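Colleague: Counting in my numbering, the sequence shown runs from 1 upward without gaps. For every residue, glycine included, the Cβ atom is placed at its ideal position computed from N, Cα and C. Note that the structure is predicted; figures quoted are calculated from it, not measured. Before I ask anything, let me first share the structure, which is written out below as structure tokens.
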Amino acid sequence: MPNRPLAELEAMVGDSRVTVAEFRIEPGKVEEFARAITAEDPVFRDESVAADRGYDRVPAPPTYTQVGRFPRYTPADVDGKGFDLGFQPEYVLHGEQAYEYDRPMYVGDVLEGTTTLADVFQREGGRAGTMTFAVLETEYRTPDGDLVLTDRSTAIETEGAVDDGDESAAERGDGSSSNASAEPDGGTADPEPTAPTATVDEFDRVRTIGGLEPGDAGPTVVVPDLERQQFVKYAGASGDFNPIHYDEPYATAAGNESVFGQGMFTAGVTSRVVANWFELRDVTSFGVRFQSRVFPDETIVASGEVAAVDPDAGTVETALEARTTDGETLLTGTATAALE
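Structure follows, in structure tokens:
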């Protein structure tokens, strides 16, 4: 339970503050972050490739705002995400993460993020006990005030450590995943077959609405045989240094069987499906809901399919999923693209 009464938290709803300042989108950091989420697309590091694909500058990956957590971008009077919610860090889950894009982030941008506490509420979560939810919404704008994107994050505090079989467990530790809204035990579908890792050359990006039908498959991205160093690499790229992802004694003391990957690492891998499917300037939204954790030696299989097509609006909605080769669903998600 939070160290602050729910009434105090509810009184803070609607409060806003600058939580990210002078957030410079730097070329070396963009390349480092892209490699940390296993994206080898040269568009994230090569200006000539970006220009050939119609970009004025090198774009950043869809989940790049995670880099804004580094202290150098945090105002002196801001701690964490800007609000003292009284949550105990070892029992905080990251339930959902969503983005709405007015345009991609580009190398050379300098952004400011203003975070609003959009909602706070509690629910009973079975073995997870009373869960406290906090919804944080951050708008990233240029110095001229132009909106680039909006980032929405749902944090959940449980009464204790939550196992992957528990109802309503979600992404643990501000970027790692436990199991929120998981299906009952035994309710998983047949596992996806192992496939070669998708590369940018294996799938032509879709630019027009014509010919798209619900059920059409998008790219598949496979990241095999995860190693602990990949979680450390993502921590260094994103600024998520929660020791639960690399410190075995810390992770087990918090009730976990082992260290495990950041949920936003899995989300970043899943964003590769979207970036390999569409040009980033056409993507208007991307969001995920975390369901279970990924451990060392496991394999991530991320895929997507067309969910709906609106020819009049020129939009396509997609359904996304990341799972292990054992059939464990790590997250589900959606993305929308506006096409010709």
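(1) Can you name the start and end residues of the beta strand (DSSP E) that G236 belongs to?
(2) Name, in chain order, the residues that DSSP records as bridge partners for Q97.
(3) Is it a yes or a no for the stretch 100–113 touching the stretch 121–136, going by three-plus beta-carbon pairs under 8 angstroms?
(4) Would you call the CB atoms of G80 and R4 closer than 8 angstroms?
(5) Just to confirm my understanding: we take R69, look at its own chain, exclude 5 residues before and 5 after, and list those with CB closer than 6 angstroms. What are they?
(6) What does a CB cutoff of less than 6 angstroms around R152 pick up in its chain, not counting 5 residues either side in sequence?
(7) Would you list the one or two residues that DSSP bridges to D310?
(8) Let me make sure I understand the geometry here. Which of R228, A7, G327, V269 has the alpha-carbon closest to that of H245?
(9) So, under 8 angstroms CB-CB, G287 and E96 are touching, yes? Tell me the CB distance rounded to an integer number of Å.
(10) Roughly how many angstroms separate the alpha carbons of D15 and D119, rounded to a whole number?
(11) According to the Cβ coordinates, are M12 and L117 closer than 8 angstroms?
(12) For R45 and I156, I'd like the C-alpha separation in whole angstroms.
(13) If I measure Cβ to Cβ from P193 and keep anything under 6 angstroms in the same chain, skipping five residues before and after, which residues do I get?
(14) Can you tell me where the alpha helix (DSSP H) with G263 in it begins and where it stops?
(15) From the DSSP output, which residues share a beta bridge with S303?
(16) Does DSSP classify Y106 as helix, strand or coil?
(17) Tell me, to the nearest whole angstrom, how far the beta carbon of G333 is from that of T270; I am working on the premise that it is less than 8 angstroms.
(18) Classify S16 as helix, strand or coil using the three-state DSSP reduction.
(19) Starting from E31 and walking both ways along the alpha helix (DSSP H), at which residues does that stretch end?
(20) Please list, in chain order, all residues of the same chain as E90 whose beta carbon is under 6 angstroms from its beta carbon, the five residues on each side excluded.
(21) Looking at D282: is its Cβ nearer than 8 angstroms to the Cβ of A337?
(22) Measuring straight from C-alpha to C-alpha, what distance separates G268 and T154?
(23) Is A50 helix, strand or coil when you go by DSSP?
(24) Going by Cα to Cα distance, which pick from A307, F295, S303 is closest to V273?
(25) From the DSSP secondary-structure annotation, give me the bridge partner or partners of D119.
(26) Can you find the residues in the same chain that come closer than 6 angstroms, C-beta to C-beta, to V78, ignoring five residues on each side of it along the sequence?
(27) Quick one, are the C-beta atoms of A307 and E317 less than 8 angstroms apart?
(28) With DSSP as the reference, identify every bridge partner of Y140, one or two as the case may be.
(29) Consult DSSP for E328 and reduce its assignment to one of helix, strand or coil.
(30) Could you name the residues of the same chain whose beta carbon sits closer than 8 angstroms to that of V206, not counting the 5 residues immediately before and after it, in chain order?
(31) So T324 and L331 are in contact, right, with Cβ under 8 angstroms, and what is the actual spacing, rounded?
(32) For F23, which beta-bridge partners are listed by DSSP?
(33) Does DSSP put K74 in a helix, in a strand, or in coil?
Modeller: Based on what the coordinates show:
(1) Unbroken run through G236 is the alpha helix (DSSP H), 228–238; no beta strand (DSSP E).
(2) Bridge pairing for Q97: S153, V288 [DSSP].
(3) no
(4) With respect to the 8 angstroms criterion, G80 and R4 are not classified as neighbours on the basis of their beta carbons.
(5) G239
(6) Hits under 6 angstroms: A98, E137.
(7) T315
(8) Distance check between H245 and each of R228, A7, G327, V269 places R228 closest, using alpha-carbon atoms only.
(9) 7 angstroms
(10) 10 angstroms
(11) yes
(12) 35 angstroms
(13) Confidence at P193 is low in this model, with a pLDDT of 36, below 50, so the placement of that residue should be treated as unreliable; the coordinate-derived value is given next. Cβ neighbours of P193 beyond the five flanking positions: none.
(14) 263–277
(15) Answer is E321.
(16) strand
(17) Right, the Cβ-Cβ distance comes to about 6 angstroms (below 8 angstroms), so this counts as a contact.
(18) It is a strand residue.
(19) 27–36
(20) A254
(21) yes
(22) 17 angstroms
(23) helix
(24) Ranking the options by Cα distance to V273, first place goes to S303.
(25) V135
(26) T19
(27) Result yes, Cβ atoms of A307 and E317 sit closer than 8 angstroms.
(28) G113, L149
(29) coil
(30) Annotation for V206: L212, W277, F278, V316, A337, L339 place their beta carbon closer than 8 angstroms to its own, counting only its chain and skipping 5 residues before and after.
(31) Actually they are not in contact, since the Cβ atoms of T324 and L331 sit about 11 angstroms apart, beyond 8 angstroms.
(32) L111
(33) Reading off the sequence, residue 74 comes out as Thr, not Lys. If DSSP states are grouped into helix, strand and coil, T74 belongs with coil.
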